[in-house]
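What follows is a short report on a single structure.
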Amino acid sequence: KSETKLVDIFNEIISKKSDAVFEYIETLNINIDTRIVVIGTYFTGVGIVKRLSQKYENILLADIYPHLEELLYTDLGGKLKNIVEFTSNLDLIYSGEIVIDTTGFGGINVEQSSKFDVDAFIIEDPVAEDNDELLKNKNNIHKRLDVVKSPNKAIIKTKGINSKTSGTMTLL
9 KSETKLVDIF NEIISKKSDA VFEYIETLNI NIDTRIVVIG TYFTGVGIVK RLSQKYENIL
69 LADIYPHLEE LLYTDLGGKL KNIVEFTSNL DLIYSGEIVI DTTGFGGINV EQSSKFDVDA
129 FIIEDPVAED NDELLKNKNN IHKRLDVVKS PNKAIIKTKG INSKTSGTMT LL
């Protein structure tokens, strides 16, 4: 009988993404009180803020759905160490020196992205393998990334599982 629970599988996947983001941010040599804004709570967003909270002390998680704040206080994505502020006020997404956009297809748009002038901008690619033409054509993360003013830009990319979206990976 397996002792593995769904949350264990989710956390394994989330940790790969959140560890990659943490390691990238570590290369930037920032202070622990640098303002980091994560846009989008769902699995990747909550995992990233929990991982970052192990070291960093000024983290804001922004999502249009206020009830998703509850995910901060579950086992999903690990444990919080330092306090993470939560908001549904999207005006605050511009308050960070480092911004991580995990909103995917339904998230912030190119116009909103053009307002960022930050030290680093990281965006999650919602298309995993580029093996679905419809999804690939709908994906606008490269346009969003192009209009951001930042010397440091990165993409969180899911590969190697022959799925269509990063969400598929999250739900495996």
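When we follow our numbering, the leftmost residue of the sequence shown carries the number 9, and every step to the right adds one. By construction, the Cβ of each residue, glycine as well, lies at the ideal position given by its N, Cα and C atoms.
- In the same chain as Thr111, and ignoring 5 residues on each side of it, the C-beta atoms closer than 6 Å to its own belong to Ile47, Gly48, in chain order.
- Under the DSSP assignment, Phe30 falls in the alpha helix (DSSP H) whose first and last residues are 14-34.
- In this structure, the CA atom of Val135 is about 7 Å from the CA atom of Asn147.
- For Thr52, the enclosing alpha helix (DSSP H) covers residues 51-60.
- Residue pairing of Thr95 in beta bridges, as defined by DSSP: Ala70.
- In terms of Cα proximity to Asp109, the closest of Thr52, Thr35, Tyr32, Ile33 is Thr52.
- A distance below 7 Å between beta-carbons, with the five flanking residues on each side excluded, links Phe113 to the following residues of its chain, in chain order: Pro134, Lys146.
- The Cβ-Cβ distance between Leu84 and Asn19 falls below 8 Å.
- Note: Val45 is bridge-paired with Leu68, Val107 in the DSSP secondary-structure output.
- Beta bridge pairing from DSSP links Lys157 with Asp125.
- Thr42 and Gly115 have their C-alpha atoms roughly 24 Å apart.
- In the DSSP assignment, Glu141 falls within the alpha helix (DSSP H) that extends over 141-146.
- Ile130 is bridged by DSSP to Ile108, Ala162.
- With respect to the 8 Å criterion, Ile56 and Ser23 are not classified as neighbours on the basis of their beta carbons.
- For Ala162, the closest C-alpha among the options Asp99, Ile33, Lys89, Tyr73 is that of Ile33.
- An exposed status is given to Ile91, since fewer than 16 other beta-carbon atoms sit within 10 Å of its beta-carbon.
- Counting only the Cα atoms, Gly86 lies some 18 Å from Glu11.
- Asn97 counts as exposed, since fewer than 16 other beta carbons sit within 10 angstroms of its beta carbon.
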